[in-house]
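Heads up: the structure comes next, in structure tokens.
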Amino acid sequence: MTLFSQKKRSMIFCALFAGLSVSAQIQDSLQPNKPEEDHVKYPVLQIKGLFQARYLVGMAKDVDVNGLHHADGSGTSNNFILKYMRVQVRAQISKRTEVVALANLADFKNDPKSRVLENAYLKYTFNPKLAFTVGQFRPWFGIEETYPIDIIKSLDWSNQYTEFGKLGWTSFQIGLSATGQLQLGNIPFQYAVSVVNGNGKNQINDNDNGKQYSSRLVFGLSKQYNFNVGLNGGIGEVFSKKVYAVGIDLSSMIQFDPKWSLDMQLEAKQATNHVLYNAINPEFRPSNPDQYLIRGAYFLPNLRYEINHKNLSAFELSCRYEYLDTNFRVDSNPRQTITPMFGLEFLKNYGARIQLGVQFDRYKHQVENTSQYNNNLFIVQVQSRF
Numbered sequence: 000m001t002l003f004s005q006k007k008r009s010m011i012f013c014a015l016f017a018g019l020s021v022s023a024q025i026q027d028s029l030q031p032n033k034p035e036e037d038h039v040k041y042p043v044l045q046i047k048g049l050f051q052a053r054y055l056v057g058m059a060k061d062v063d064v065n066g067l068h069h070a071d072g073s074g075t076s077n078n079f080i081l082k083y084m085r086v087q088v089r090a091q092i093s094k095r096t097e098v099v100a101l102a103n104l105a106d107f108k109n110d111p112k113s114r115v116l117e118n119a120y121l122k123y124t125f126n127p128k129l130a131f132t133v134g135q136f137r138p139w140f141g142i143e144e145t146y147p148i149d150i151i152k153s154l155d156w157s158n159q160y161t162e163f164g165k166l167g168w169t170s171f172q173i174g175l176s177a178t179g180q181l182q183l184g185n186i187p188f189q190y191a192v193s194v195v196n197g198n199g200k201n202q203i204n205d206n207d208n209g210k211q212y213s214s215r216l217v218f219g220l221s222k223q224y225n226f227n228v229g230l231n232g233g234i235g236e237v238f239s240k241k242v243y244a245v246g247i248d249l250s251s252m253i254q255f256d257p258k259w260s261l262d263m264q265l266e267a268k269q270a271t272n273h274v275l276y277n278a279i280n281p282e283f284r285p286s287n288p289d290q291y292l293i294r295g296a297y298f299l300p301n302l303r304y305e306i307n308h309k310n311l312s313a314f315e316l317s318c319r320y321e322y323l324d325t326n327f328r329v330d331s332n333p334r335q336t337i338t339p340m341f342g343l344e345f346l347k348n349y350g351a352r353i354q355l356g357v358q359f360d361r362y363k364h365q366v367e368n369t370s371q372y373n374n375n376l377f378i379v380q381v382q383s384r385f
């Protein structure tokens, strides 16, 4: 299928955003001509934070805590790490406008040039049906983009989320997005349409003239079981080559009684692996980047029991299964990961919790002195939200 040229796509998205904006303004104009009463004094500031630390023990011979194999037996097999020390400032500067900044101070331990600052955006909300976000944010392209790391049901983001972040579809990107909630008859419906540079966070410039365009549609099919179906799709251009990404996800929450509940997530995605394609010597690189495709899926059930004791709020049991193949057409070496976790929550809404778990990684082919090597990793993680 022939894709639109860069200029035509830009014109189409501009027209789309302009049309949505006009539609929202018309809806507002139909309201009674009464002065809006807003007794809030702006700006309203809100400060939040997250502390998260881990202790890791590698249980596979000659494999370090980062999953890298060392044939000579070197490498660190146990380690304390500070994963997150996040600070978020949210400024509501008017009834419809907010500015958000999120920084991870723990990233100062690395080269902070392209790290530390995570969210930095302005959001303007016309009404529940339409809101615009511009700046550095996480474009919606799956379940994991819709919640923060501090309420994740497993150890960390899925391997799939991390790889799609490198490709510009998930994680923190710079660009523009339109989001909203509608009602299709009796079905609640959410949408997101985004255009981003696609080369990650904190970049001075886009690394080429191409942009990545993505959309997400979520349909609430059962209120009783909180069953949602999400459809994701994107097209783009990277170094004058066409790329794409597609995905589908299912989520559900079953409340057995006031204390017991089961949360389930299932997600699958496929995309052009243009990072791998562009890393190949141009002399040996095929003309079509779709010869290099990434495919992944995961299933995450999480069982929760509300204790509501004065010193213990709840406990959770989860076990995520993941399948990921970063190059299944040319040099397939799928990775399967199983991560059982047990968590104790001491303050409501994950205000304070401890998690224990093991991450089992298995590859179809093991490659010495690389991270493509079987590994077992024991984890103890503590966190506090404030």
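Residue numbering for the sequence shown follows numbering that gives the first Met the number 0, starting at 0 and increasing by one per position. For glycine and all other residues, C-beta sits at the position ideal for the given N, C-alpha and C.
How would you call residue i, buried or exposed, if buried means at least 16 neighbouring beta carbons within 10 angstroms?
{"i": "T390", "result": "Nothing in the structure corresponds to residue 390, since the chain is present only between 0 and 385."}
{"i": "R95", "result": "exposed"}
{"i": "V21", "result": "Any reading at V21 must be qualified, since the residue scores a pLDDT of 36, below 50, and its modelled position is unreliable; no value is offered."}
{"i": "Y304", "result": "exposed"}
{"i": "E282", "result": "exposed"}
{"i": "F131", "result": "buried"}
{"i": "I353", "result": "exposed"}
{"i": "H38", "result": "exposed"}
{"i": "T338", "result": "buried"}
{"i": "S193", "result": "buried"}
{"i": "F255", "result": "exposed"}
{"i": "G197", "result": "buried"}
{"i": "N32", "result": "Its pLDDT being 48, under 50, N32 is placed unreliably by the model, and the measurement read from it follows with that caveat. Its Cβ having fewer than 16 others within 10 Å, N32 is exposed."}
{"i": "F385", "result": "exposed"}
{"i": "A70", "result": "exposed"}
{"i": "E144", "result": "buried"}
{"i": "Q24", "result": "With a pLDDT of only 34 at Q24, under 50, the local geometry of the prediction cannot be trusted, and no value is derived from it."}
{"i": "E315", "result": "buried"}
{"i": "I173", "result": "buried"}
{"i": "Y146", "result": "exposed"}
{"i": "Q365", "result": "exposed"}
{"i": "R319", "result": "buried"}
{"i": "M243", "result": "According to the sequence provided, residue 243 is Tyr. The question's Met does not apply to it. Burial call: buried."}
{"i": "S157", "result": "buried"}
{"i": "G57", "result": "buried"}
{"i": "V62", "result": "buried"}
Since residue i and residue j are thought to touch, with beta carbons under 8 Å apart, how far apart are those beta carbons, to the nearest angstrom?
{"i": "I253", "j": "Y291", "result": "Contact flag wrong, Cβ pair sits at about 39 Å."}
{"i": "Y403", "j": "L220", "result": "Past the boundaries of the shown model lies residue 403; the chain is included only from 0 to 385, so the question cannot be answered."}
{"i": "G164", "j": "G229", "result": "Between G229 and G164 the Cβ distance is about 17 Å, and since that is not below 8 Å, they are no contact."}
{"i": "L55", "j": "S370", "result": "Contact flag wrong, Cβ pair sits at about 15 Å."}
{"i": "D149", "j": "L49", "result": "5 Å"}
{"i": "E344", "j": "S317", "result": "Contact flag wrong, Cβ pair sits at about 13 Å."}
{"i": "Y83", "j": "Q51", "result": "4 Å"}
{"i": "R390", "j": "N201", "result": "Since the first residue of the chain shown is 0 and the last is 385, residue 390 is not available in this structure."}
{"i": "V99", "j": "Y123", "result": "No, V99 and Y123 are not in contact; Cβ-Cβ is about 12 Å, not under 8 Å."}
{"i": "V195", "j": "Q180", "result": "Actually they are not in contact, since the Cβ atoms of V195 and Q180 sit about 22 Å apart, beyond 8 Å."}
Thinking C-alpha only, which one of the options is nearest residue i?
{"i": "G199", "options": "S370, P138, I46 and T271", "result": "P138"}
{"i": "M340", "options": "S153, H273 and A70", "result": "S153"}
{"i": "F188", "options": "G197, K128, N208 and G246", "result": "K128"}
{"i": "K347", "options": "L316, V329 and N307", "result": "N307"}
{"i": "K363", "options": "T336, G342 and D106", "result": "T336"}
{"i": "I186", "options": "W156, Q211, S176 and K222", "result": "K222"}
{"i": "Y386", "options": "N65, V43, K47 and L49", "result": "In the structure as shown, the chain starts at 0 and stops at 385, and residue 386 therefore has no counterpart that could be examined."}
{"i": "Q159", "options": "L81, Q382 and P333", "result": "P333"}
{"i": "L183", "options": "R361, V195, G209 and F218", "result": "F218"}
{"i": "Y322", "options": "A244, W168, N227 and E162", "result": "E162"}
{"i": "N126", "options": "T178, K82, V62 and I46", "result": "T178"}
{"i": "V357", "options": "A351, N368, Q365 and N374", "result": "N374"}
{"i": "E236", "options": "I203, K108, N77 and D289", "result": "D289"}
{"i": "G246", "options": "K108, N326, T169 and W259", "result": "T169"}
{"i": "K47", "options": "F79, L101 and G72", "result": "L101"}
{"i": "I387", "options": "K40, N204, K240 and M263", "result": "Since the first residue shown for the chain is 0 and the last is 385, residue 387 is missing from the structure and cannot be characterised."}
By DSSP's criteria, residue i is part of a beta bridge. Which residues make up the other side?
{"i": "F377", "result": "V56 and V357"}
{"i": "S213", "result": "S193 and G233"}
{"i": "Q371", "result": "Paired residues: none, contrary to the question."}
{"i": "W259", "result": "Y304"}
{"i": "T96", "result": "Y123"}
{"i": "R85", "result": "L49 and N103"}
{"i": "F131", "result": "Y123 and A177"}
{"i": "V43", "result": "Q91"}
{"i": "R321", "result": "Before going further, note that residue 321 is Glu rather than Arg in the sequence given. For E321, which the question treats as bridged, DSSP gives the partners Y297 and T336."}
{"i": "K240", "result": "V237"}
{"i": "D248", "result": "G229 and E266"}
Would you say residue i and residue j are within 8 Å of each other, going by their C-beta atoms?
{"i": "H273", "j": "L166", "result": "yes"}
{"i": "A270", "j": "A296", "result": "no"}
{"i": "I378", "j": "R53", "result": "yes"}
{"i": "N206", "j": "F171", "result": "no"}
{"i": "E97", "j": "A90", "result": "yes"}
{"i": "G294", "j": "D324", "result": "Before going further, note that residue 294 is Arg rather than Gly in the sequence given. Yes; because the gap between Cβ atoms is below 8 Å, this pair is in contact."}
{"i": "G342", "j": "S383", "result": "no"}
{"i": "G232", "j": "S213", "result": "yes"}
{"i": "L116", "j": "V88", "result": "no"}
{"i": "L261", "j": "P285", "result": "no"}
Tell me, please, whether the CB atom of residue i is closer than 8 Å to any CB atom in chain B?
{"i": "V242", "result": "No chain B is present in this structure, which holds just one protein chain."}
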